[in-house]
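Visitor:
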Amino acid sequence: MTDLILAVDGGQTGTVAVLASIGGVIRGVGRGGPIRHHEEPDAERFVRDGLGAAVAAAMLGAADGDVVAVSCLAMTGSAALADRVIRELVPARRCTALASDTFAALASGTAGGGGIGLIAGTGTVALAHGRGADDVLVGGWGWLLGDEGGGFWIAMEALKAAARDVDGTAPSTALTREVAERLGQNDLRGVYNLVTGQRLDRTAIAALATCVVAIAEAGDPVAAAILDRAADRLADLVVATVAAAPFLDEDERLIVPSGGVLRPGGWVLTRLIAQLAVRTPAFRVVVPQVPPVIGAYYLALGLAGIQIDHALRDRVTEQVRAMPALTSKTAIASPAHPTDSL
Numbered sequence: 001m002t003d004l005i006l007a008v009d010g011g012q013t014g015t016v017a018v019l020a021s022i023g024g025v026i027r028g029v030g031r032g033g034p035i036r037h038h039e040e041p042d043a044e045r046f047v048r049d050g051l052g053a054a055v056a057a058a059m060l061g062a063a064d065g066d067v068v069a070v071s072c073l074a075m076t077g078s079a080a081l082a083d084r085v086i087r088e089l090v091p092a093r094r095c096t097a098l099a100s101d102t103f104a105a106l107a108s109g110t111a112g113g114g115g116i117g118l119i120a121g122t123g124t125v126a127l128a129h130g131r132g133a134d135d136v137l138v139g140g141w142g143w144l145l146g147d148e149g150g151g152f153w154i155a156m157e158a159l160k161a162a163a164r165d166v167d168g169t170a171p172s173t174a175l176t177r178e179v180a181e182r183l184g185q186n187d188l189r190g191v192y193n194l195v196t197g198q199r200l201d202r203t204a205i206a207a208l209a210t211c212v213v214a215i216a217e218a219g220d221p222v223a224a225a226i227l228d229r230a231a232d233r234l235a236d237l238v239v240a241t242v243a244a245a246p247f248l249d250e251d252e253r254l255i256v257p258s259g260g261v262l263r264p265g266g267w268v269l270t271r272l273i274a275q276l277a278v279r280t281p282a283f284r285v286v287v288p289q290v291p292p293v294i295g296a297y298y299l300a301l302g303l304a305g306i307q308i309d310h311a312l313r314d315r316v317t318e319q320v321r322a323m324p325a326l327t328s329k330t331a332i333a334s335p336a337h338p339t340d341s342l
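Residue numbering for the sequence shown follows UniProt numbering, starting at 1 and increasing by one per position.
1. When the Cα atoms are used, what is the spatial distance from residue 151 to residue 11?
2. For residue 277, count neighbouring C-beta atoms within 10 Å of its own C-beta (all shown protein chains included) and say buried if the count is 16 or more, exposed if not.
3. Given a cut-off of 9 Å, decide if residue 174 and residue 295 are closer than it, judged by their beta-carbon atoms.
4. Using CA atoms only, rank isn't needed, just tell me which of 27, 301 and 321 is closest to residue 112.
5. Looking at residue 209: is its Cβ nearer than 9 Å to the Cβ of residue 273?
6. In the DSSP assignment, what residue or residues form a beta bridge with residue 211?
7. Can you check which of these residues, 14, 323, 289 and 239, is closest to residue 32 by C-alpha distance?
8. Rounded to whole angstroms, what's the CA-CA distance from residue 183 to residue 191? Just pull it up for me.
9. Suppose contacts are defined by Cβ-Cβ distances below 9 Å. Is residue 227 in contact with residue 268 by that definition?
10. Could you spell out where the alpha helix (DSSP H) holding residue 101 opens and where it closes?
11. Which of the three DSSP states is assigned to residue 270 in this structure?
12. Based on the DSSP output, what are the partners of residue 117 in its beta bridges?
13. Mind checking which residues open and close the alpha helix (DSSP H) that includes residue 49?
14. What whole-angstrom Cβ distance do residue 289 and residue 270 have, given they're in contact under 8 Å?
15. Could you pull out every unbroken alpha helix (DSSP H) segment of at least 4 residues lying fully inside the stretch 151 to 231, listed in chain order?
16. Rounded to whole angstroms, how far is the Cβ of residue 9 from the Cβ of residue 292, which I believe are closer than 8 Å?
17. So is residue 28 buried or exposed if we call it buried at 16+ other beta carbons inside 10 Å?
18. Note down the Cα distance separating residue 195 from residue 4, rounded to an integer number of angstroms.
19. Beta carbon of residue 137, beta carbon of residue 172: below 9 Å?
20. For residue 85, which beta-bridge partners are listed by DSSP?
21. Which one of 125, 68, 198 and 56 has the shortest CA to CA distance from residue 239?
22. Of the residues 170, 162, 168 and 167, which one's Cα is nearest the Cα of residue 181?
23. Helix, strand or coil: how does DSSP classify residue 282 here?
24. Cβ of residue 17 within 9 Å of Cβ of residue 54?
25. Kindly indicate which residue of 243, 241 and 170 has the alpha-carbon position closest to the one of residue 225.
26. So is the beta-carbon of residue 255 under 8 Å away from any non-hydrogen atom of the ligand MG?
27. Less than 8 Å between the CB atoms is what I'm expecting for residue 244 and residue 128, so what's the real figure, rounded?
28. Tell me which same chain residues have a C-beta within less than 7 Å of the C-beta of residue 22, skipping the five on either side of it?
29. Taking Cβ positions only, does residue 235 come closer than 9 Å to chain B?
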C-alpha cells in the first residue's frame, strides 16, 4: 500500500490536480474548469465541476489499496466550499483548504518557505507569508473592483481600446480586427453583442490577453501600452505587499510571480522584474520552475512532516517538464450553462 498526496490548484482560469507519492513520483494529473468565488451565482456548480473533472482524472493514477494521506487545496475564494466537495470525492485522512491559492503559488518557488507570492492569471492577488507572523493578503478584489494587471483586465482594456478605435476617439489599433476574428465575429459590434449578452464567461474573455501579447510583440503601440500598464499595476501590488510585510526575514525577501499573464520571458513579467529591481531592491524575484499545484503538493508534504530536499525538488521538476498537462497555460473553458454570468 502506498500513501499518496492529492494537491489541487483551483483558479479563475482552470483547476489542476496532481496525485503524487511522498517520494516525489507523480502518479496522475487532471484538469477541470474554473473556480468562482463563493458569493458568485452558481459558485457551487463551478467548484463541483472543476474539482470533479480534475480530481477524477488525477485519481486514475491510484491503484487499489493506495491511500490518499493528505489533500491540499489551493482555491480562489471558495476554500470552504471546495473542502466540503473534496471530502465527498476523496477519502483523505487529512484535508487542508488554504485561504488563498496564493499560498501554493508562493510555495512553487520556495517549497514552503516564506516570501511574497504574486498571482496574475484571470485575476490578481499577492500574499506575504513569513515565520511567526500573520499572513498579509493584498488585492484579490475580483473583476468588478480590482484585478488590475490580470488577464481579464488586459482583455477588457483591449476591448475598450478597440471600441475607441471604431469611434475614432483614440488611435487605430490592430486589436480591433484581431479580437473580432479571435471570437469569430465580423466586427466589434458582434463582439459587443457577445459580451453584453453574457455569452462569454470571464475565462473566455481573459483568454484574449494572449492575443494582446501577440499584437504588442508585432509592434502595435496600443497593445504594448496596455501590457505596460499591466506591469505597472502588478508592480504597485507587490510594492504595497512589501510595505505591509516588515516581518519578513532576510532569507524570506523573495518574490514569486505566477499565473498565465506572468509567463517566463514574457512581456509583462520582463517589465515587472525590471520595475521591482528599482522599487524593491532588497527583494529577489524567483521565477518558479513548477506550477502552483506543485506548490500545493509541497505544502501537503510539509503538513505530513516530510522534508523537501533538493533531490525531491529536482525529481519533481524533471517530471513536470515532461507533462504538457501541467506546463500548459491554456485557459480551461467552463461548461456552458444558462446561468453563467460575467
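Ideal placement from N, C-alpha and C gives every residue a C-beta, glycine not left out.
Guide: On the basis of the data shown:
1. Each residue's Cα considered, the two are about 12 Å apart.
2. Residue 277 should be labelled exposed.
3. No, the pair does not count as a contact, with Cβ atoms beyond the cut-off.
4. Just measuring C-alpha positions, the residue of 27, 301 and 321 sitting nearest residue 112 is 301.
5. No. Outside cutoff.
6. According to DSSP, which records beta bridges pairwise, residue 211 is partnered with nothing at all.
7. Comparing Cα positions, the closest option is 14.
8. Linking residue 183 to residue 191 through their CA atoms gives a straight-line distance of about 7 Å.
9. A contact, by the Cβ cut-off of 9 Å.
10. Residue 101 -> no alpha helix (DSSP H), and no H or E assigned at all.
11. In the three-state scheme derived from DSSP, where H, G and I count as helix and E and B as strand, residue 270 is classed as helix.
12. The partner list for residue 117 (beta bridge, DSSP) reads 127 and 256.
13. Per DSSP, residue 49 belongs to the alpha helix (DSSP H) from 43 to 58.
14. Their Cβ separation, rounded to whole angstroms, is 17 Å, which puts residue 289 and residue 270 out of contact at 8 Å.
15. Fully enclosed alpha helix (DSSP H) runs of 4 or longer: 151 to 167, 175 to 182, 188 to 196, 202 to 206 and 209 to 217.
16. Contact between residue 9 and residue 292 holds: CB atoms are separated by about 5 Å, below the 8 Å threshold.
17. Under this definition residue 28 is a buried residue.
18. Rounded to whole angstroms, residue 195 to residue 4 spans 43 Å at the Cα level.
19. No, these two residues do not count as a Cβ contact at 9 Å.
20. When beta bridges are read from the DSSP output, residue 85 appears opposite no residue.
21. When only C-alpha atoms are compared, the closest one is 125.
22. Out of 170, 162, 168 and 167, the CA that lies nearest to the CA of residue 181 is found in 162.
23. Three-state result, residue 282: coil.
24. Taking 9 Å as the cut-off, the Cβ atoms of residue 17 and residue 54 count as close.
25. If you compare the alpha carbons of 243, 241 and 170 with that of residue 225, the shortest gap goes to 170.
26. The ligand content of the structure shown is nil, which means the ligand MG is not present either.
27. A Cβ-Cβ distance of about 6 Å is found for the pair residue 244 and residue 128, placing them in contact under the 8 Å criterion.
28. Cβ neighbours of residue 22 beyond the five flanking positions: 3, 5, 301, 304 and 306.
29. Here there is only one protein chain, and chain B is not present.
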